[in-house]
Structure formats: structure tokens, C-alpha cells
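K.L.:
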């Protein structure tokens, strides 16, 4: 058995390996085989900022995904969120029920059994304490509802605007904001925008 470490990946990721055996008597026998050379297993955790809680008891949610390369696919994942819950998905939306700093870890294992461990720290803040002046709820009623302008509210960056608006007003005003948003959706002449709003508020 021979173990060899490549200092760089061959062009195209594949190279030809030849092994020859010379017997005491008789001709030399050689055999060649094309092999794939992989990068070392590596990756990093990517995550969103704190999102709205998924339930009334939640403190906040965060969307996590893992970027991985090298090693040999397929990969398996083992997430731990510091609260006793785990996930084996590549991408996961996790809800935290307590505020404070959370240490999130993931173990990645490739098809050869090689593994790496990655971690990220997430600070979950109290959204109830994030009331401030916020954006006044009545502003939603003043938004234009003609088709083009309405699209600004419910597509692309507009969806982020509504999410930020709801978050900045905290839990107390969320339902009022959502109701006024739904009212605008019903008043819109675009069924696509109305559908987008319905999907984004599930």
C-alpha cells in the first residue's frame, strides 16, 4: 500500500498513475489508472441576520447554510445550535427561544469519512426591546397601490422593507402592520403581487 499527497491539484483534477512490478525473473509488469485528485475538505458557515420569530414564544430565527468544497461528495452534515436541537440538512432555518450569544457548530463528513468542524457565533437580541420610534404604522396606508409602485413594496428589496418595518416596530404592532399590508394586497390589481404577499407571510 502506498500513500501519496499531492501538493497541488492536477489540471482538470485528474492524473494518470502507473505502478510497475519487477519480478526476480521475468519481465516487468506495469498497470496505469486515471485517478481524480480532490482538494482537502473545507467550507464555511453562511447565515442571515436575525429574522422574525416563527412562533409567539420565539426570540428570533436565523437561516443557516453551509458552503463546502474539496473532499469527496456526497457530504453529510450535523448541525448543533447550542440549545439541544440538531439538524442534518444542508440549509436550515432555526428558531431560538432565548436571547444571548449562541455558538452554532456543524460537522461535515465526506464520502471517504474525512471530516471538519466549523462554528459561528450568533447574538439573538430581544425584538420587544427594539421598539424605538420605528416606522409609523400609518405610513403603510400612504403607500401607492398602482401596479408598478405596488411591485416596489412586495417584490425584491420591497419585501425586505416590509420585513424591516415589522421588525423595527416590535411584536406589539406586527399584527396591525400585517393587516394593513394584506389590505393593500387585496386592493392591488395584480394577482401576482397578491400571491407574492400571501407566500411571504406564511
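Numbering (the working numbering), first residue to last: 1252 to 1453. For every residue, glycine included, the Cβ atom is placed at its ideal position computed from N, Cα and C.
Using a threshold of 7 Å, is the CB atom of residue 1348 nearer than that to any non-hydrogen atom of the ligand ZN?
P.N.:
The ligand ZN is not part of the structure shown, which contains no ligands of any sort.
K.L.:
So what does DSSP say about residue 1338, is it helix, strand or coil?
P.N.:
What you label residue 1338 is simply residue 87 of the chain shown in a count that begins at 1. Note: residue 1338 maps to strand in three-state DSSP.
K.L.:
Using a Cβ-Cβ cut-off of 7 Å (strictly less than) and excluding sequence neighbours within five positions of residue 1337, which residues of its own chain qualify?
P.N.:
Counted from its first residue, the chain shown places residue 1337 at position 86. The answer, listed in chain order, is 1329, 1330 and 1331.
K.L.:
Whole angstroms is fine: what's the gap from residue 1252's alpha carbon to residue 1281's?
P.N.:
Stepping through the chain shown from its first residue, residue 1252 is reached at position 1. Stepping through the chain shown from its first residue, residue 1281 is reached at position 30. In a straight line, the C-alpha of residue 1252 is about 16 Å away from that of residue 1281.
K.L.:
Let me know if residue 1347 comes out buried or exposed under the rule of 16 or more other beta-carbons within 10 Å of its beta-carbon.
P.N.:
As a position in the chain shown, residue 1347 is number 96, starting the count at 1. Its Cβ being crowded by 16 or more others within 10 Å, residue 1347 is buried.
K.L.:
For residue 1321, name the three-state secondary structure that DSSP assigns.
P.N.:
Here residue 1321 refers to the residue found at position 70 when the chain shown is read from its first residue. Residue state, collapsed to three classes: coil.
K.L.:
Distance, Cα to Cα, residue 1268 vs residue 1288?
P.N.:
Sequence index remark: in the chain shown, residue 1268 carries index 17 (1-based). Sequence index remark: in the chain shown, residue 1288 carries index 37 (1-based). Between residue 1268 and residue 1288, the C-alpha separation is close to 11 Å.
K.L.:
Strictly by DSSP, which residues pair up with residue 1302?
P.N.:
Within the chain shown, residue 1302 is the residue found at index 51, counting from 1. Answer by DSSP bridge pairing, in chain order: 1312.
K.L.:
In its own chain, which residues sit with a C-beta less than 6 Å from the C-beta of residue 1271, not counting the 5 before and 5 after it?
P.N.:
Within the chain shown, the letter at position 20 stands for residue 1271. So the list reads 1279 and 1281, once near-sequence residues are dropped.
K.L.:
Over what stretch of residues does the beta strand (DSSP E) that includes residue 1351 continue unbroken?
P.N.:
Within the chain shown, numbered from 1, the residue matching residue 1351 stands at position 100. From DSSP, the beta strand (DSSP E) with residue 1351 extends over 1351-1360.
K.L.:
Roughly how many angstroms lie between the CA atoms of residue 1298 and residue 1304, to the nearest whole one?
P.N.:
Residue mapping note: residue 1298 aligns to position 47 of the chain shown, counting from 1. Residue mapping note: residue 1304 aligns to position 53 of the chain shown, counting from 1. Going by the C-alpha atoms only, they are around 16 Å apart.
K.L.:
Our contact map puts residue 1292 next to residue 1367 with C-beta atoms below 8 Å; I'd like the distance itself, whole angstroms only.
P.N.:
The sequence position of residue 1292 within the chain shown is 41, counting from 1. The sequence position of residue 1367 within the chain shown is 116, counting from 1. At roughly 5 Å, the Cβ-Cβ gap stays under 8 Å, so residue 1292 and residue 1367 are in contact.
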